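Colleague: In terms of UniProt numbering, the sequence shown opens at residue 1 and continues consecutively. Glycine included, every Cβ here is placed at the ideal spot set by N, Cα and C. Given the structure is predicted, the values throughout are model-derived calculations rather than measurements.
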Amino acid sequence: MNVLTSNWSTYWHGFLGTLWLTLASAALALVLGVLIAGFRVSPVKPLRAFGTGWVTVLRNTPLTLLFFIVVLGLPRFHITLPFFTFAVLALGCYTSAFVCEALRSGVNTVPTGQGEAARSLGMTFGQTLSLVVLPQAYRSVVAPLGSVMIALAKNTAIAGSFSVVELLGTYRTINELGYNIIWTFVWIAVGYLIITLAISALFNVLERRVAVSR
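1. Would the beta-carbon of Arg40 fall within 8 angstroms of that of Ala97?
2. May I ask you to report which of helix, strand or coil DSSP gives residue 215?
3. Are the Cβ atoms of Ile158 and Phe67 separated by less than 8 angstroms?
4. Roughly how many angstroms lie between the CA atoms of Gln136 and Phe125, to the nearest whole one?
5. Mapping the DSSP letters down to three states, classify Met149 as helix, strand or coil.
6. Please state if the CB of Leu28 and the CB of Gly92 are separated by a distance shorter than 8 angstroms.
7. Which two residues bound the contiguous alpha helix (DSSP H) that contains Pro46?
8. Suppose you measure from the CA of Gly191 to the CA of Leu177; what does that come to, to the nearest Å?
9. Please confirm whether Val141 and Ser105 have their CB atoms less than 8 angstroms apart.
10. Compare the C-alpha of His13 against each of Pro82, Leu32, Ala118 and Thr170 and name the closest.
11. With a threshold of 7 angstroms on Cβ separation, who are the neighbours of Val110 within its own chain once the five nearest residues in sequence on each side are excluded?
12. At which residues does the alpha helix (DSSP H) containing Ser96 begin and terminate?
13. Can the beta-carbon of Glu207 be found less than 8 angstroms from the beta-carbon of Ala143?
14. Using CA atoms only, rank isn't needed, just tell me which of Gly33, Ile188, Gly38 and Leu30 is closest to Leu131.
15. Return the residue from the list Ser25, Trp187, Leu47 and Ile182 that minimises the CA-CA distance to Val99.
16. State the start and end residues of the unbroken alpha helix (DSSP H) segment that holds Arg172.
17. How would you label Asn204, buried or exposed, when you count the other beta carbons within 10 angstroms and need 16 or more for buried?
Here it is in structure tokens:
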């Protein structure tokens with residue numbers, strides 16, 4: 001227990017770093033994921049091609065490699081941002097591919113007659129997608145999206161290797177002080193467990209509310 005109490009400030013800052021990194025990356029991933037999902041089901045061929053390419057490339061690229069591309073590649077184009085922002089970009093773009101596929105699977109569960117009825121009323125593709133299809137698709141993708149967000153929270157551990165303050169990176173500071181490395185990692189694991197259980201609880205609540213509304 002003394003590992004935690006003696007290094008509470010270090011753990012707390014790492015925990016907050018992981019929490020904010022998760023929230024910011026999740027927000028970006030959801031926005032991009034919805035947009036790319038719209039591209040993937042769009043009647044416009046270039047948009048479908050772009051969406052397919054985005055998902056194919058990002059889902060098959062190791063996240064660590066994507067971090068290197070963002071952190072080391074963007075400055076070569078004179079794009080200089082804080083390391084935290086670079087980490088959010090890498091995590092958000094990577095996770096958006098999985099959000100997109102979860103949403104697209106939900107879109108496929110909506111009967112095609114729903115979209116056809118909306119178009120017969122004079123709705124545009126954007127209106128049909130946002131007002132008719134996505135609200136129905138959302139009901140079937142709450143649980144998969146929860147799993148994606150939990151994976152995102154655990155993926156933030158990679159950011160510590162790129163000068164971002166996060167929970168896993170605290171082990172270096174604490175280990176240098178001579179504390180037991182096993183208990184150091186135990187308390188790090190507890191921190192991640194708190195975050196992932198909170199995400200799981202949130203999506204369980206959302207899933208129950210959607211089930212009631214149906």
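Modeller: Short version:
1. By 1-based counting over the sequence shown, the position of residue 40 is 40. By 1-based counting over the sequence shown, the position of residue 97 is 97. It is not a contact, given that the beta carbons lie outside the stated cut-off.
2. Look at the range of the chain in this structure, 1 to 214, and you will see that residue 215 is not part of it.
3. Here the question's residue 158 lines up with position 158 in the sequence shown. Here the question's residue 67 lines up with position 67 in the sequence shown. Yes.
4. For this step, residue 136 is matched to residue 136 along the sequence shown. For this step, residue 125 is matched to residue 125 along the sequence shown. Gln136 and Phe125: Cα-Cα distance of roughly 16 angstroms.
5. Translated into positions along the sequence shown, residue 149 becomes position 149. In the structure shown, Met149 sits in a helix (DSSP, three-state: H, G or I).
6. The residue you call residue 92 lines up with position 92 of the sequence shown. The residue you call residue 28 lines up with position 28 of the sequence shown. The answer is yes: Cβ separation under 8 angstroms.
7. As a first step, residue 46 is located in the sequence shown; it is residue number 46 there, counting from the start. Note, Pro46: alpha helix (DSSP H), Lys45 to Arg59.
8. Residue numbering aside, residue 191 sits at position 191 when the sequence shown is read from its first letter. Residue numbering aside, residue 177 sits at position 177 when the sequence shown is read from its first letter. Between Gly191 and Leu177, the C-alpha separation is close to 20 angstroms.
9. Translated into the one-based positions of the sequence shown, residue 141 becomes position 141. Translated into the one-based positions of the sequence shown, residue 105 becomes position 105. Cβ atoms of Val141 and Ser105: closer than 8 angstroms.
10. Within the sequence shown, residue 13 is the residue found at index 13, counting from 1. For the residues Pro82, Leu32, Ala118 and Thr170, the minimum Cα distance to His13 belongs to Thr170.
11. Stepping through the sequence shown from its first residue, residue 110 is reached at position 110. Here the set comprises Val133, Gln136 and Ala137.
12. As a first step, residue 96 is located in the sequence shown; it is residue number 96 there, counting from the start. Its alpha helix (DSSP H) spans residues Phe83 to Val107.
13. Walking along the sequence shown from the start, residue 207 turns up at place 207. Walking along the sequence shown from the start, residue 143 turns up at place 143. A contact, by the Cβ cut-off of 8 angstroms.
14. Taking the sequence shown and counting its residues from 1, the one referred to as residue 131 is at position 131. Of the candidates Gly33, Ile188, Gly38 and Leu30, the one whose C-alpha sits nearest the C-alpha of Leu131 is Gly38.
15. Here residue 99 corresponds to residue number 99 of the sequence shown, with the count starting at 1. The option with the nearest alpha carbon to Val99 is Ser25.
16. Residue numbering aside, residue 172 sits at position 172 when the sequence shown is read from its first letter. Here the alpha helix (DSSP H) through Arg172 covers Thr170 to Glu176.
17. Translated into positions along the sequence shown, residue 204 becomes position 204. Per the 10 Å Cβ criterion, exposed.
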